[in-house]
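If you're matching positions, the sequence shown starts at 6 in the working numbering and goes up one per residue. All residues carry an ideal CB built from backbone N, CA and C; glycine is no exception. Values in this document were obtained by computation on a predicted structure and should not be read as measured data.
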Amino acid sequence: MLNSLPERLTGRRSPAGPCATASCAILQYHRVALLAHDPLRLAVQPHNFERQMEYLATNFNLISLHELRQHLETATPWRDKAVVVTFDGGYSDVLYTAKEVLERFEVPATVFVPSENLIERRRFWWDILEDVLIAGDGMAGAPSLGPLVTEAEGESLDWPLVSQQDRFRAFDDLYGILSDQAPAQQRQIVAEILRSLEGSGEELDSHATLSMQELKRLEEGGLITVGGHAHHCAKLSLLSEPEQRNEIEYNKQILEEALGHRIECFAYPFGDESSYTTVTRKILKDCGFRLSCRVSSDTVSVPGADSLYELPRLRIGDWNPFTFYRYLKAFLG
6 MLNSLPERLT
16 GRRSPAGPCA
26 TASCAILQYH
36 RVALLAHDPL
46 RLAVQPHNFE
56 RQMEYLATNF
66 NLISLHELRQ
76 HLETATPWRD
86 KAVVVTFDGG
96 YSDVLYTAKE
106 VLERFEVPAT
116 VFVPSENLIE
126 RRRFWWDILE
136 DVLIAGDGMA
146 GAPSLGPLVT
156 EAEGESLDWP
166 LVSQQDRFRA
176 FDDLYGILSD
186 QAPAQQRQIV
196 AEILRSLEGS
206 GEELDSHATL
216 SMQELKRLEE
226 GGLITVGGHA
236 HHCAKLSLLS
246 EPEQRNEIEY
256 NKQILEEALG
266 HRIECFAYPF
276 GDESSYTTVT
286 RKILKDCGFR
296 LSCRVSSDTV
306 SVPGADSLYE
316 LPRLRIGDWN
326 PFTFYRYLKA
336 FLG
């Protein structure tokens, strides 16, 4: 475990009481898995995740997102060195790999789940692109991709796929293009790519997302809770107000019907400031969400200083404990 680390990394959890000037770090994870390819760096390998959770459990005050919300709503301080753990996307490895580690170290967590995959059992479009472009699964050996016309660019785009470097470049370019498209356009472009490459787009276990039954199992035990993440995992800022409302309301409805309780926490898909608007925040309030999270290199400040609908989260990488320690120390001391 961590017995080889310096004492400062393995000390007992801080006994300090509430601190009026303390920050709280909300951590953002996506996956806990060992992948052959991970071009978006979404995954933390299981052994690194286990050591990260052990380090958190012995050195920080772990609170749930619900507890943080209560502190913010009542303007009461939380304990020093407070940390909240969250996951985005609803990948099944959160249930099959991460949950056991979270329970062993008593780490509460919130998992933000888009509902499209629950109902239609679709993979995320970026996972399909990875499989056909980088892994080459289901391809007929096409030497190049294109020409491909996108509505956003309005021009033919062509990529050679001779080398692995070519494939990664094509993936990076297409990820950037598709990230700025609405869900319908994303599906259209991905379908065109599959036709061009004669790819199957078949489901691979390494990219599996939670089913309805697995979603219910995820919350068993009470340590893990589920939050909203829109119906499609797409930037809400690209949509009209009625479309945004439908995305948010439908997601909330599906999750609440599946789990039998209210869903009050939300995370913006993609999460940067360009992915949502003031209209998005208003819709969240109207729909009964009591907080929402974005992605930013920042921590939650003293109660009342941060908007409940723009709580910052720190994205966590596949780091060993020393790197993890240095990163958190920069924000929490």
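### Task
Assuming Leu61 contacts Val112 (C-beta within less than 8 Å), just tell me the rounded distance between them.
Right, their Cβ atoms sit about 6 Å apart.
Review point. Are the region 65 to 84 and the region 310 to 319 touching by the rule of at least three beta carbon pairs closer than 8 Å?
Key: Judged by Cβ distances under 8 Å, the region 65 to 84 makes contact with the region 310 to 319, as three or more pairs qualify.
Q) Would you say Leu333 and Ala30 are within 8 Å of each other, going by their C-beta atoms? A) The criterion of a C-beta distance shorter than 8 Å is satisfied by Leu333 and Ala30.
Practice task
Go ahead and pull the three-state DSSP assignment for Thr230.
Solution key: In the structure shown, Thr230 sits in a strand (DSSP, three-state: E or B).
Query - Identity of the residue in Tyr180, Ile139, Ala189 nearest Leu1 by Cα - result: Nothing about residue 1 can be read from this structure; the chain reaches only from 6 to 338.
Legend entry - For Ile31, the first and last residue of its enclosing beta strand (DSSP E): DSSP places Ile31 inside the beta strand (DSSP E), whose first and last residues are 29 to 34.
Q.
Tell me the rounded alpha-carbon separation between Lys240 and Glu125.
A. Answer to the nearest angstrom: the Cα atoms are 20 Å apart.
Buried versus exposed call for Phe176 [16 or more other C-beta atoms within 10 Å across all chains shown] | Looking at its Cβ environment, which holds 16 or more other Cβ atoms inside 10 Å, Phe176 is buried.
Does DSSP put Tyr60 in a helix, in a strand, or in coil? Reduced to three states, the DSSP call for Tyr60 is helix.
Checklist entry - Once you ignore the five residues that flank Gly243 on each side, which residues in its own chain have a CB closer than 6 Å to its CB? => result In the sequence under discussion, the amino acid at residue 243 is Leu, which differs from the Gly named in the question. The beta carbon of Leu243 sits closer than 6 Å to those of Ala187, all from its chain and outside the five residues before and after it, given in chain order.
Host alpha helix (DSSP H) of Thr339 (start-end)
Absent from the model: residue 339. The displayed extent of the chain is 6 to 338, so no value can be given.
Quiz item: Taking Ala196 as the reference, which of Met58, Tyr273, Arg127, Ser306 has the closest Cα?
Solution: For Ala196, the closest of Met58, Tyr273, Arg127, Ser306 by C-alpha to C-alpha distance is Arg127.
Cα-Cα separation between Thr102 and Arg109, rounded to whole angstroms:
Cα-Cα distance, rounded: 12 Å.
For Leu107 and Cys270, the rounded distance between their alpha carbons = Rounded to whole angstroms, Cys270 to Leu107 spans 20 Å at the Cα level.
query = Helix, strand or coil for Val89 per DSSP?
reply = In the three-state reduction of the DSSP assignment, Val89 falls in the strand class.
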